[in-house]
Every structure is written in C-alpha cells, then in structure tokens.
C-alpha cells in the first residue's frame with residue numbers, strides 16, 4: 016500500500032497539477048514544488064498526468080443524441096396486441112409488415128393468422144362503440160366510395176361539409192346489399208341523408224335508387240379524370256409518332272431515294288410523317304373537345320352570371336360526344352358513351368344550386384345573385400368569351416415561339432418542321448386550332464356536326480352556331 020499525503024487537499028492537488036502542466040519544461044519547477052509541499056517529484060508528475068487526462072476526457076467528442084437509457088420491457092400479450100393495432104392503424108402497415116416490425120423491435124414473430132385475429136377483434140370492438148354514437152345530421156351531403164387496401168374492399172361514407180367519417184367497413188363484396196346496409200345503419204344513427212355523391216359505381220347507384228327523396232350526384236372529378244386519361248394517351252401517341260418520324264428523318268438523310276433500299280426507307284419516312292400528322296390532329300381535336308366539355312359542365316355562364324338550364328348543358332355535351340365519336344380510337348368512343356350516360360347525373364347539382372339561389376335572391380335580388388355568380392366564376396379562373404380566346408392565343412403564340420426555336424442542330428428544313436409541329440402539340444394558337452377542328456371534324460363526320468347542331472333546341476342551337484362562327488372568325492371563345 017502506497018503512502019497517502021493527508022495534508023494535501025483536492026484543491027491543492029489540482030493547483031499542483033495545473034502549475035506543472037502550464038509551466039512544463041521550466042528548469043527546477045518540479046523539484047521546487049516537491050520541496051515546498053513536502054512530497055516527492057513522482058507525486059508532482061502523477062498530479063500533472065491526472066490533470067491532462069481529466070481535461071482530455073472532459074473535452075473529448077461524445078456520441079450524438081441523449082444518453083442511452085436501459086430498462087426492462089416486458090412483452091406480454093396485452094402489449095403485443097396494442098403494438099399490432101397501432102402499427103395497423105397509425106402505420107397503415109399490412110400483416111406481413113407488422114410481423115417484420117415486431118420481429119425487429121420486440122424480437123417476437125407472431126403468425127399472420129394471429130395478427131389478423133387481433134385486428135378483427137379491434138374492428139369489432141370499434142364497431143360496437145361506434146354503434147352507440149348518435150349522429151343527428153339533417154340534410155346531410157354524403158360522399159361515398161369503395162376503397163381497396165391490402166387487396167380488400169372497404170365501404171366509406173364521409174360527410175362532405177365537415178369531412179366527418181360516417182362509416183368505414185370492410186366488405187367481402189361491393190354489391191348493392193352491402194351499400195344498402197351502410198345506409199340503413201346511418202339512418203339508424205340519426206343521419207338524414209339528402210344528397211349522395213359518388214363516382215358512378217353500379218352497386219352504389221343501385222342502393223341509392225332505393226332511398227326515397229335522396230338526390231344522387233355523380234362526381235365531376237372522376238368524369239374529368241377519365242377524359243384526362245384519354246387525352247394524355249392521345250398526347251403520348253402524338254409524341255411517339257413525332258419521335259418515330261424524327262428518327263426516320265435522320266436515317267434517310269444519307270440514303271438515295273432512287274436506290275431500292277433508299278426508296279424503301281423514304282417510303283417508311285413518308286408513312287411516319289403522315290401518321291404523325293394524323294396523331295397530332297387527333298390529339299388537338301380531342302384536347303379542344305375536352306376544353307369544351309369542362310365548360311359545358313359548368314351551369315353558370317361566366318360572361319353573364321346566368322344559371323343555364325340542364326337541357327342546354329346536356330345539348331352541348333351531346334354535340335361534344337357526337338364529335339368525339341368521329342375520332343379514331345376505342346378509348347375516345349368509350350368515354351363519349353360514358354358521357355352520354357352520365358350527363359344527367361353530372362349536372363344534377365344544377366337543381367340544388369337553383370334552389371339555393373332562389374333563397375338567396377329573396378335577400379339580394381335577381382340582379383345581385385347574377386353578379387355574385389359571375390364574380391364567383393371569374394374568381395375560379397373562367398373568362399367571358401372573347402377575353403379567354405385572346406389571352407389563350409397570346410400565351411400559345413409565346414409558347415410556340417419558345418418551343419419552336421428548340422430545333423436540334425443539323426436537322427435541316429425537315430427537322431425544323433418536326434420541331435415546329437412538336438411544339439404545336441401543346442402550343443398551337445387557339446383560334447387556328449378551333450377553326451381547323453370545327454372544319455376537320457365536320458368533314459370527317461360527313462356533316463355530323465351540322466346535324467347534331469340542328470337537333471338542338473333553338474336557344475342552344477343559336478349559342479352553338481354563334482360559338483362556331485366566333486371561333487372561325489377568331490374573335491370569340493367558349
């Protein structure tokens with residue numbers, strides 16, 4: 016056992032070590048300190064080394080984050096079940112992912128059947144609690160749809176104004192009896208359903224048909240999405256045809272059309288050029304019709320603010336679908352048939368809007384309501400006829416100038432033409448486009464456009480012919 020210097024305190028030891036470190040190398044320092052403190056020189060060196068170690072340890076880099084905590088975690092059945100439900104509800108994890116997470120976190124690997132049983136038990140418990148809730152909603156506007164998660168169907172009903180989740184149930188079959196059970200359950204809880212919005216599913220529509228006094232409104236978003244999908248498909252086809260023509264154009268530059276091989280290549284190039292022309296024209300015509308359709312589904316005229324009748328809107332949709340059928344492609348014809356069938360349901364909201372505007376007119380007057388409707392349409396980005404075409408044409412011209420200059424070097428006159436047509440797929444002037452569309456569709460349809468217009472009511476016919484003349488003259492818009 017070594018000797019302990021009891022007369023030297025901790026503060027003095029720190030001072031000795033600090034003095035020895037700061038004035039390290041000074042001649043006779045250690046000997047003098049040992050003589051004054053009555054210690055050996057080794058004691059002085061030991062204090063200096065301890066001070067260096069303490070300083071290095073205090074200023075050393077520490078691992079990031081809080082200090083680790085260690086405590087025992089008991090994994091019983093209750094904790095395991097709560098973890099399964101939490102991962103399923105909060106993490107939206109399927110059964111296999113839940114098992115993988117539990118194996119990593121708790122080192123427990125439950126079977127898929129056990130996880131499914133826990134989730135079903137939690138679902139039954141939640142259903143019992145929800146069945147006791149009273150939902151006193153009068154004249155409720157409900158959005159309903161089928162959602163598919165992890166390969167299973169779920170019937171969902173949401174209150175549109177408040178986004179309150181009214182019902183969510185996993186179903187083995189998305190049929191009419193399953194939806195009828197949903198509406199029966201909601202009415203038992205006190206929900207007075209006045210309007211139901213859906214995507215047009217047959218099973219849901221069949222259940223709504225048996226609800227007396229309930230208005231069924233088809234969702235505009237789903238309808239416009241179907242039209243947009245066809246439009247994007249045609250656009251991709253146009254770009255593919257342009258790319259094919261461009262590829263063949265570069266290939267035939269070095270080939271003599273008088274030779275057998277060169278003549279065949281130039282023939283392929285001519286066919287690709289004609290195909291690109293057709294695809295571009297088809298896309299541009301459908302794009303114009305899609306714009307007309309979006310305007311036809313709006314029951315408030317942006318120019319005057321008047322509420323159009325449902326017959327006028329349906330008549331315009333009929334003209335649009337008639338013109339769509341003149342374009343080639345099964346997808347175009349299918350979406351035209353869908354719009355003919357879904358048109359009345361898509362415009363069902365017009366009657367509800369008319370009733371609400373009547374109550375509003377009692378306070379503001381007819382002129383005040385009309386101005387309010389016009390302001391609302393203009394705030395949504397709609398423009399009256401004339402202004403819309405001029406601004407769109409100006410934007411299209413600037414866009415065409417910007418894109419038309421991006422021609423690949425060395426492509427020559429043919430490459431410049433392809434580059435201009437490539438820009439024209441998205442940026443052709445509206446006036447030129449619409450005028451060409453009306454003429455082209457009417458010629459291809461063998462006068463179907465004229466026949467469809469003559470079949471309209473007189474008011475709609477005058478409005479349609481007025482729009483056509485304005486487009487052809489370049490002074491109006493739809």
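Residue numbers (this note's numbering): 16 to 493.
Here a beta-carbon is modelled for each residue, glycine too, at the ideal position from N, C-alpha and C.
Close-in-space but distant-in-sequence residues of the same chain around residue i (CB under 7 Å, 5 per side omitted)
i: residue 183; result: 169 and 171
i: residue 283; result: 263
i: residue 158; result: 173, 175 and 212
i: residue 160; result: 171, 213 and 214
i: residue 116; result: 102 and 108
i: residue 113; result: 99, 102, 103 and 130
Reduced DSSP secondary structure (H/G/I, E/B, other) of residue i
i: residue 266; result: helix
i: residue 26; result: helix
i: residue 82; result: coil
i: residue 355; result: helix
i: residue 315; result: strand
i: residue 404; result: Reliability of the predicted coordinates at residue 404 is poor, the pLDDT of 45 falling under 50, and the value obtained from them is presented with this limitation in mind. The answer is helix: DSSP assigns residue 404 an H, G or I state.
i: residue 108; result: coil
i: residue 185; result: strand
i: residue 167; result: strand
i: residue 432; result: Any reading at residue 432 is ruled out, since the residue's pLDDT is 38, under 50, leaving its predicted position unreliable.
i: residue 295; result: helix
i: residue 136; result: helix
Other residues of its chain near residue i: CB distance less than 6 Å, five sequence neighbours each side excluded
i: residue 233; result: 215, 357, 360 and 361
i: residue 156; result: 175 and 210
i: residue 335; result: 304, 307 and 308
i: residue 293; result: none
Closest residue to residue i among the options (Cα-Cα distance)
i: residue 88; options: 127, 63 and 123; result: 123
i: residue 228; options: 159, 154 and 266; result: 154
i: residue 147; options: 186, 181, 338 and 285; result: 181
i: residue 29; options: 301, 109 and 59; result: 59
i: residue 27; options: 44, 48 and 40; result: 48
i: residue 100; options: 207, 161 and 129; result: 129
i: residue 107; options: 53, 163 and 268; result: 163
i: residue 53; options: 206, 271, 23 and 353; result: 23
i: residue 109; options: 373, 79, 71 and 166; result: 166
i: residue 149; options: 178, 199 and 203; result: 203
i: residue 395; options: 268, 76, 201 and 317; result: 317
i: residue 243; options: 350, 74, 125 and 185; result: 350
i: residue 190; options: 223, 72, 369 and 71; result: 223
Sheet register partners of residue i (DSSP bridge)
i: residue 350; result: Answer by DSSP bridge pairing: none, since residue 350 is not bridged.
i: residue 174; result: 157
i: residue 212; result: 158 and 232
i: residue 180; result: 173
i: residue 206; result: 152
i: residue 322; result: 315
Close beta carbons around residue i, own chain, < 8 Å, minus the five adjacent residues each side
i: residue 321; result: 315, 385 and 388
i: residue 260; result: 284, 287, 288, 290, 291 and 433
i: residue 376; result: 383 and 384
i: residue 111; result: 127
i: residue 235; result: 312 and 361
i: residue 301; result: 245, 246, 249, 339, 342 and 347
i: residue 379; result: 387
Residue i beta carbon near the ligand ZN (any heavy atom closer than 7 Å)
i: residue 229; result: The model depicted lacks the ligand ZN and carries no ligand whatsoever.
Quiz item: With contact counted as at least three CB pairs below 8 Å, one residue from each stretch, are the stretch 356-369 and the stretch 324-332 in contact?
Solution: yes
Quiz prompt | the stretch 58-70 / the stretch 28-45 touching (three or more Cβ pairs under 8 Å) | solution = As far as the Cβ criterion goes, the stretch 58-70 touches the stretch 28-45, which means the pair count is three or higher.
Quiz item: So does the stretch 272-291 actually touch the stretch 302-312, counting three or more Cβ pairs closer than 8 Å?
Solution: The count of Cβ pairs closer than 8 Å, one atom from the stretch 272-291 and one from the stretch 302-312, stays below three, leaving the stretches out of contact.
Quiz item: Within the chosen definition, does the stretch 119-134 reach the stretch 83-98 through at least 3 CB pairs nearer than 8 Å?
Solution: yes
Quiz item: Would you call the stretch 90-109 and the stretch 131-143 in contact, with 3 or more CB pairs under 8 Å?
Solution: Using a C-beta cut-off of 8 Å, the stretch 90-109 makes contact with the stretch 131-143, since at least three inter-stretch Cβ pairs fall below that distance.
Practice problem: Would you check if there are 3 or more beta carbon pairs closer than 8 Å linking the stretch 238-256 to the stretch 192-202? | Solution: no
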